[in-house]
Amino acid sequence: MSKDRYVIKGKIGQGGVGAVYQAYDNQLNRDVAVKRVLAEGGFENQDGATKQLLKEATALSAVQHPHIVTVYDAGMDSDGPYVVMELIDGRTLDEMVERGTLTWDDLREVVLQTQEALIAAQDLNLVHRDLKPSNVMVCWLPSGKFQVKIVDFGLAKFSAAPSLQTIDHGDAVFGSIFFMAPEQFERTPLDQRTDMYAMGCLYYYALTGEYPFDGDTAAQVMASHLQHHVNHLSEARPDIPQWGAEWIMWQIEREMDNRPNSAREALERFVLLDKHSTQPVATAAPSVEAAAAAPKFLFPVAGQTEPAQPAQPAQPAQPAQPETSAQPIQVQAAAAPNTTPQLLTSANPLLTPPVNAQPTPETASQPVAPVQADPTPQPETSAQPMQLQAAAAPNTTPQLLTPANPLLTPPVDAQPTPETASQPAAPTQPAPTQPAPAPQPATPAQPIKLQTAQPTLLTATATAPNQPANAPVATPPQSTAAQAINSATSAQPTAEADATPQIEKKTMPPAVKWTIIGILGLVIIVTSFVMVHLGGERKQTELVNGVMTKAKALNDEGTLQDGIELTEEELQGTLKRATSMAESKQRPIILKTLAYAKAKGDYDADQVILEHVTTARCPESIRSDIFKMVMSRRKNVANIPVLLAFAKNTTENKAATEAIHAARHVAKGQPADEFISDFLSLINDTPTDTLRIAAEQAAASIINESKNKTRFTDAIYGSYQSAIDNAPKFIMLRLLGVTGGKKAIEAVTSALNSDDIALQSAAIVALGQWVDDSQIETLIQFIDQCDNLQIRQKGFTAAYSFLRLDRKRKQDDHQKYWTTFAAIASNQAEKLKIINGMAQQEHPWALSVLDDFIKDEDDNVNYKAEKAKGYLERRISEQKSNSPDKKPTE
2 MSKDRYVIKG KIGQGGVGAV YQAYDNQLNR DVAVKRVLAE GGFENQDGAT KQLLKEATAL
62 SAVQHPHIVT VYDAGMDSDG PYVVMELIDG RTLDEMVERG TLTWDDLREV VLQTQEALIA
122 AQDLNLVHRD LKPSNVMVCW LPSGKFQVKI VDFGLAKFSA APSLQTIDHG DAVFGSIFFM
182 APEQFERTPL DQRTDMYAMG CLYYYALTGE YPFDGDTAAQ VMASHLQHHV NHLSEARPDI
242 PQWGAEWIMW QIEREMDNRP NSAREALERF VLLDKHSTQP VATAAPSVEA AAAAPKFLFP
302 VAGQTEPAQP AQPAQPAQPA QPETSAQPIQ VQAAAAPNTT PQLLTSANPL LTPPVNAQPT
362 PETASQPVAP VQADPTPQPE TSAQPMQLQA AAAPNTTPQL LTPANPLLTP PVDAQPTPET
422 ASQPAAPTQP APTQPAPAPQ PATPAQPIKL QTAQPTLLTA TATAPNQPAN APVATPPQST
482 AAQAINSATS AQPTAEADAT PQIEKKTMPP AVKWTIIGIL GLVIIVTSFV MVHLGGERKQ
542 TELVNGVMTK AKALNDEGTL QDGIELTEEE LQGTLKRATS MAESKQRPII LKTLAYAKAK
602 GDYDADQVIL EHVTTARCPE SIRSDIFKMV MSRRKNVANI PVLLAFAKNT TENKAATEAI
662 HAARHVAKGQ PADEFISDFL SLINDTPTDT LRIAAEQAAA SIINESKNKT RFTDAIYGSY
722 QSAIDNAPKF IMLRLLGVTG GKKAIEAVTS ALNSDDIALQ SAAIVALGQW VDDSQIETLI
782 QFIDQCDNLQ IRQKGFTAAY SFLRLDRKRK QDDHQKYWTT FAAIASNQAE KLKIINGMAQ
842 QEHPWALSVL DDFIKDEDDN VNYKAEKAKG YLERRISEQK SNSPDKKPTE
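Here the sequence shown is numbered in the working numbering, starting from 2 and rising by one per residue.
Put into structure tokens, the structure is as follows:
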């Protein structure tokens, strides 16, 4: 690096692969950033590192995009390789998130800008490999709006030292580990889908302030990525649109094949969902604190109105009073001379009447009204204390009752009392004790209030159920004398009876006996069932553990994908464990086992798996994972209608989307043409944009796999004509571009000439993915004549993407289309896009196109055209030197 040209002012930052310095370019009179990049192996491999650095820097300099940092220069001096780039005055995205998480509107703008940047880079086959918030800069324009720029693009790739991508470089690289894709840990080949994963993690972090894959150590973070332990974004930010959360989660799928294939595909889906979304976005932040801390990306400018005042936080509700447990019954004794209430501590406290009290007839248990107290409202409890009032008892002192089995003893002179039934309590105050009435017919007994003064036992005479205690009992005929004796005996109690009361012996009613027997039998049956069930579960657990041991061994050998044979019982047990909410650690190997399971015996493994996964009661996230990780790998065409039927009938949108994706993967490379009508039906019938888009992509994939694409034109054209709602109508129009044919041309041409901008946009997408080159000139002509800047931009992007496709077209046709397309470029963005396209060509005709832009009045355009021309000339020269047809020099 020329010290005369670049004057170092100071270090800006230190990273894992070098340091960044602020410098001043004396030649162009501007501040620049200079980054020093380490080379692998020190000075021994310096030449190789320098060559790779210059090659990548040259390619990156051809990326002319407002959201990618511009590289001005690169080279090698005595201090090693260096890169000179644009100096950005702004803050990194992680610094912005520290101030507060992004709102959905701000993130939407970040998504649009970063995805556009990735599209430009991916067109040059560049992979960043180290996308993270600190590599995304946010700067503010004079208008007050913000602009996003991706920095260090490809610099991680510049360095050929994988050791720099470890956790040994402190927080510089440890910060990267939260955004690294699983394949980076597995050391498998990387492509642009790796950047899609990192960008999805970045969006997640910007919205939540938390890493989607977290851990206390680097090993835990790596395991989180590899095992895909992530909470759904909608749980952390329920205020953002559901489709937006699903779109971001799509970026961070565990398997590369389940992510967007490119930034272009991701952005197209985002724009489409955003345009057709009807879900309201919450204007308030998720919490008061978050709202207060959220950064305002759009600063007020002249004429801008004051921002709306944040909504006042809702007043917290009064805390619920704790629920109290049932209170013991309090006994309130009436005024009695010389009485001292004592604590009742027996297991069954007894209320004892005075010794001389007359027996009262047993009545139903009545509810006792609570003692009137302070009318102040009290918190509601589950059971209020019951206040009972004992009758006055002269010269009585209730004693502490402590026997383990207290005995009920009546007064010595008490008369037999009829048994009464326990009746529902009535809300009345207890009435004073009344004299005993005449005996009444017996009802079920209520606890008897008896004294405890005499610790004697009374023998009770058994009576028949529901019969008065003093009712006559049928006996055999007796003589007159015997009857007289019996009468006398019953009329006057003997002195012996007065002295020694007998215990009344009661028999258990037959109904009670049979009830107890029934309950005991039921307990035995239930216990037996539980024991058998536990034994079965234990056996099934051992069975599944054996399957897991076998599967892990095969997986370690790298042969699990060849298949693992399972009996139906083993498969059912594995499925139950897979859908268990308690299972988590083994789920990855369980899902892999199900994906490659083969039937051992006479049963259909696919049918068993589908029946279980579509009917099991489990969280939607688990069902979605099974569709994604299992059914997408089971290449059985017969599974497609079952998957689509589930997607059509379920209310679980995420699971339905994964079922459609699984059907799409199954159909890939399979004779699945007959299922196209099922996908079209799903597009017409579903009310969800996410499901429509998934079905559209699946249908387009099936059509592209078909050798005769026009055979689908009539069916899709009919659906287009009969569609009532715009959403399915636009999808059918886009699909007509995949099929082609006369009716497709008729429909697209009519849509282009309409005044409906949405319909025109759908027609542009159709032309951008047309089955052949027959309509590219129609699209270019439409762009040239279009006055709507928004529609023109969409058309220009579609034409550029179409010409970048590898269609195996003749070189003359390729030159004609590009030359015609370059001629209609009218603004800087369009011209820079053409320059990028020319830099990737391999034929001299592209040099003449670049020559036209070198003469452009725009300094940035002609500068980039010169750089691209130099890069293209070197590529053409290298091809000639490496060509086997090159003639030897004489």
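Ideal Cβ positions, reconstructed from N, Cα and C, are used throughout, including at glycine. Fair warning: this is a prediction, and the values are worked out from it, not measured in the lab.
Distance from the CA of LYS649 to the CA of LEU567, rounded to the nearest whole angstrom, comes to 31 Å. Uninterrupted beta strand (DSSP E) stretches at least 3 residues long and entirely within the stretch 199–284 do not occur. In the structure shown, LEU567 falls within a strand segment according to DSSP collapsed to helix, strand and coil. Partner residues in a beta bridge of MET197, as assigned by DSSP, do not exist.
Going by beta carbons, ALA759 and LEU780 fall outside the 8 Å limit. MET257 sits buried, since 16 or more C-beta atoms from the chains shown fall within 10 Å of its C-beta. In the DSSP annotation of this structure, GLU843 is not part of any beta strand (DSSP E), being labelled neither H nor E. If you ignore the 5 residues before and after ILE69, its C-beta comes within less than 7 Å of the C-beta of ALA118, ALA121, ALA122, LYS150, ILE151, PHE154, all in its own chain and listed in chain order. Distance from the CA of LEU132 to the CA of LEU203, rounded to the nearest whole angstrom, comes to 8 Å. Between the stretch 588–599 and the stretch 536–553 there are three or more C-beta pairs closer than 8 Å, enough to call the two in contact. Of all alpha-carbon atoms in ASN705, ILE704, PHE680, the one lying nearest the alpha-carbon of ILE694 is that of PHE680. Contact check between the stretch 745–756 and the stretch 730–737: three or more CB pairs, one atom from each, fall below 8 Å, which counts as touching.
VAL35 is the residue among VAL35, ASN30, LEU29, ARG31 whose C-alpha sits nearest the C-alpha of GLN23. With respect to the 8 Å criterion, GLN671 and LYS636 are classified as neighbours on the basis of their beta carbons. Under the 8 Å Cβ criterion, the stretch 848–860 does not count as touching the stretch 87–96, having fewer than three qualifying pairs. When secondary structure is reduced to three states using DSSP, GLU858 falls in the coil class, being assigned neither helix nor strand.
Here the alpha carbon of GLY76 sits roughly 20 Å from the alpha carbon of GLU879.
If you compare the alpha carbons of GLN114, ASP124, SER135 with that of LYS146, the shortest gap goes to GLN114. Checking the DSSP bridge columns, you'll see GLY769 has no partner listed. Contact between the stretch 598–617 and the stretch 561–578 is present: 3 or more CB-CB pairs across the two stretches fall below 8 Å.
The beta carbons of PHE179 and VAL222 sit about 6 Å from each other, so the pair counts as a contact at 8 Å. For the pair ALA267 and GLU538, the Cα-to-Cα distance works out to about 45 Å. As for any beta strand (DSSP E) of minimum length 3 sitting wholly inside the stretch 74–160, the runs are 81–87, 137–141, 147–151, ordered along the chain. Looking at the DSSP output, ALA24 bridges to ILE9, VAL33.
With 16 or more other Cβ atoms inside 10 Å of its own Cβ, ARG194 counts as buried.
Between LEU208 and TRP248, the C-beta gap is not smaller than 8 Å, which leaves the two residues out of contact. Scanning its chain for C-beta atoms nearer than 7 Å, with the 5 sequence neighbours on each side dropped, one finds around VAL8 the residues ALA24, TYR25, ASN27, in chain order. Per DSSP, the beta bridge partners of ILE69 are ILE151. By the Cβ rule, the stretch 652–670 counts as touching the stretch 626–643, because three or more pairs are nearer than 8 Å. The C-alpha of GLU831 is placed about 33 Å away from the C-alpha of ALA696. Taking all protein chains in view, the Cβ of HIS226 is crowded by 16 or more other Cβ atoms within 10 Å, so the residue is classified as buried. Scanning PRO183, VAL139, ARG37, GLY742 for the CA closest to the CA of THR711 turns up GLY742.
Close CB contacts of ILE765 within its chain, under the 6 Å cut and outside five residues either way in sequence, are with LYS795, GLY796, ALA799 (chain order). Using a 10 angstroms sphere on the CB of THR104, the tally of other CB atoms reaches 16 or more, which defines it as buried. With a threshold of 16 other beta carbon atoms within 10 Å, VAL513 falls short and is exposed. Collapsing the DSSP output to three states places GLY559 in coil.
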